[in-house]
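Using this note's numbering, read the sequence shown as starting at 123 and increasing by one per residue.
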Amino acid sequence: MTRRRRWTFGLLSMSAAVSTLLLVQQVPASAVASVQSAKPDPQAALVPLYQHAAAERDLPWTLLAGIDRYAELTKSKADRAEHPWYGLAFQPAAWAGMDNPNWDDVNPTTIALFHGLGVDANGDGLAVQWDPADRIAVLANWLDEQSGEDDDSTAVWDLFQDATAMDRVYSFAAIFERYGIPPDKHCFPLAKRYNYTIKHSFGAGRSYGGPRIHEGVDIFAGYGTPVLACSYGYVELLGWNRFGGWRVGIRDVNNVYYYYAHLSSFAKGLHQGQLVEPGQVIGYVGSSGYGPPGTSGKFPPHLHFGMYKDTGRSEWAFSPSAQLLQWQRLPQHIVYPDKAH
Ligand SMILES: [Zn+2]
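Printed below as a string of structure tokens:
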């Protein structure tokens with residue numbers, strides 16, 4: 123049985139009843155991406171549980187992990203206080219069974235009697251959400267039951283009911299498929315053996331195109347200096363923008379968005395949706411922008427580099443200066459376009 127990735131966004135009303143049972147969470151994520159090199163990810167410990175639950179139900183484990191990751195990153199403070207465990211949470215009534223007089227029921231027999239979702243997956247006699255084996259088994263069961271013969275996307279849609287969430291869940295899953303749960307590893311955005319100068323100008327005024335503030339820092343370097351991906355991630359956006367010229371946007375599995383602008387060109391073959399790793403060449407420094415497509419040379423060549431954090435409810439730019447200073451000290455392993463996989 124193959125599960126095609128066919129997204130259907132029209133089943134909102136059909137799924138409304140189910141969705142009220144599911145609590146989709148939001149968190150102000152671990153604020154800023156870690157600046158340490160190759161720090162293991164806390165979700166990595168859950169991989170055997172995803173794999174076990176997925177294998178029993180013919181689901182990709184990476185989908186379970188992608189859902190859990192997105193739910194974790196978008197939990198609100200209140201939801202986190204109530205459901206402090208990693209990842210998605212089910213509402214108590216859904217877990218215990220709507221007609222169950224005890225919505226805090228942890229007895230798998232009575233939960234089953236009241237058609238609750240909760241199960242005891244690891245044989246400890248309890249069906250509890252804070253036990254990751256039980257919770258992940260329930261998520262896998264639910265996806266398996268909601269999915270048609272060949273499609274898991276409507277079930278995922280029911281969980282989040284948001285096109286952006288769908289995009290992120292499947293993109294995270296694709297990253298997990300290729301790299302496993304990637305370590306928190308970073309790279310300075312320019313090849314360090316070239317000359318460059320960082321101008322820490324986050325928040326400064328800008329006048330082109332009306333008053334606005336500078337949402338990033340500028341790193342001055344010669345034309346053609348290789349521009350590198352700072353983290354594991356995927357190309358969310360690629361093309362021309364009046365302000366940024368030829369620019370690339372890359373999102374990582376912490377829901378941090380890296381914005382690279384004023385490029386002279388992109389790495390050969392780079393395309394939207396492509397997965398990247400730290401140190402992978404994504405383009406070359408230029409001076410494009412401030413006009414219609416192809417405009418160049420209105421300012422000295424530099425990389426405009428921005429970082430944005432998204433919690434699912436709001437997205438904001440923060441100064442990348444601290445990260446850049448840290449990443450500058452890390453060794454670089456440059457991955458050229460023809461070597462990237
Ligand atoms: Zn700039």
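Ideal Cβ placement from N, Cα and C applies to all residues, glycine included.
Quick check on DSSP: helix, strand or coil for residue i?
{"i": "residue 363", "result": "strand"}
{"i": "residue 438", "result": "strand"}
{"i": "residue 260", "result": "helix"}
{"i": "residue 72", "result": "Nothing about residue 72 can be read from this structure; the chain reaches only from 123 to 463."}
{"i": "residue 199", "result": "helix"}
{"i": "residue 304", "result": "coil"}
{"i": "residue 291", "result": "helix"}
{"i": "residue 240", "result": "coil"}
{"i": "residue 194", "result": "helix"}
{"i": "residue 204", "result": "helix"}
{"i": "residue 355", "result": "strand"}
{"i": "residue 332", "result": "coil"}
{"i": "residue 368", "result": "strand"}
{"i": "residue 327", "result": "strand"}
{"i": "residue 312", "result": "strand"}
{"i": "residue 210", "result": "coil"}
{"i": "residue 181", "result": "coil"}
{"i": "residue 383", "result": "strand"}
For residue i, which of the options has the nearest alpha-carbon?
{"i": "residue 208", "options": "164, 264, 249", "result": "164"}
{"i": "residue 243", "options": "226, 261, 237", "result": "261"}
{"i": "residue 361", "options": "325, 355, 384, 350", "result": "384"}
{"i": "residue 342", "options": "393, 204, 322", "result": "322"}
{"i": "residue 303", "options": "455, 160, 459, 458", "result": "160"}
{"i": "residue 193", "options": "320, 212, 219, 350", "result": "212"}
{"i": "residue 412", "options": "406, 364, 251", "result": "364"}
{"i": "residue 335", "options": "187, 432, 204, 440", "result": "440"}
{"i": "residue 178", "options": "263, 257, 228", "result": "263"}
{"i": "residue 191", "options": "229, 289, 402", "result": "289"}
{"i": "residue 291", "options": "187, 409, 419, 432", "result": "187"}
{"i": "residue 372", "options": "419, 189, 420, 293", "result": "293"}
{"i": "residue 325", "options": "426, 206, 458, 456", "result": "426"}
{"i": "residue 254", "options": "206, 283, 229", "result": "206"}
How far does the beta strand (DSSP E) with residue i in it extend, from its first residue to its last?
{"i": "residue 167", "result": "Element bounds for residue 167: n/a, residue is neither H nor E."}
{"i": "residue 276", "result": "First-last for residue 276: 275-282, but that is the alpha helix (DSSP H), not the beta strand (DSSP E)."}
{"i": "residue 343", "result": "339-343"}
{"i": "residue 432", "result": "424-432"}
{"i": "residue 250", "result": "No beta strand (DSSP E) contains residue 250, which DSSP labels as neither H nor E."}
{"i": "residue 318", "result": "318-321"}
{"i": "residue 408", "result": "Unbroken run through residue 408: none, as it is neither H nor E."}
{"i": "residue 457", "result": "Residue 457 -> no beta strand (DSSP E), and no H or E assigned at all."}
{"i": "residue 349", "result": "348-350"}
State the CB to CB distance for the pair residue i and residue j, rounded to an integer number of angstroms; the pair is presumed to be in contact (CB under 8 Å).
{"i": "residue 452", "j": "residue 308", "result": "7 Å"}
{"i": "residue 347", "j": "residue 392", "result": "No, residue 347 and residue 392 are not in contact; Cβ-Cβ is about 16 Å, not under 8 Å."}
{"i": "residue 222", "j": "residue 238", "result": "6 Å"}
{"i": "residue 429", "j": "residue 445", "result": "7 Å"}
{"i": "residue 344", "j": "residue 316", "result": "7 Å"}
{"i": "residue 409", "j": "residue 368", "result": "That pair is no contact at about 10 Å."}
Between residue i and the rest of its own chain, which residues show a CB-CB distance below 6 Å, the 5 nearest in sequence each way excluded?
{"i": "residue 327", "result": "none"}
{"i": "residue 155", "result": "Bear in mind that the predicted position of residue 155 carries a pLDDT of just 36, short of 50, making it too unreliable to give a figure here."}
{"i": "residue 353", "result": "308, 374, 400"}
{"i": "residue 450", "result": "310"}
{"i": "residue 318", "result": "312, 341, 343"}
Tell me where the alpha helix (DSSP H) around residue i begins and ends.
{"i": "residue 234", "result": "230-235"}
{"i": "residue 392", "result": "Counting along the chain, residue 392 falls outside any alpha helix (DSSP H), and DSSP gives it neither H nor E."}
{"i": "residue 214", "result": "214-218"}
{"i": "residue 446", "result": "443-449"}
Measuring only between beta-carbons, confirm whether residue i sits less than 8 Å from chain B.
{"i": "residue 236", "result": "Absent here is chain B; the protein component of the structure consists of one chain."}
Might you give, ordered along the chain, the residues of its own chain that have their beta carbon closer than 7 Å to the beta carbon of residue i, omitting 5 neighbours on each side?
{"i": "residue 397", "result": "296, 297, 300, 356"}
{"i": "residue 305", "result": "160, 161, 162, 163"}
{"i": "residue 219", "result": "233, 236, 237, 238"}
{"i": "residue 217", "result": "238, 239, 240, 251"}
Can you list, in chain order, the residues of its chain with a C-beta nearer than 8 Å to that of residue i? Leave out the 5 residues immediately preceding and following it.
{"i": "residue 422", "result": "342, 409"}
{"i": "residue 460", "result": "390"}
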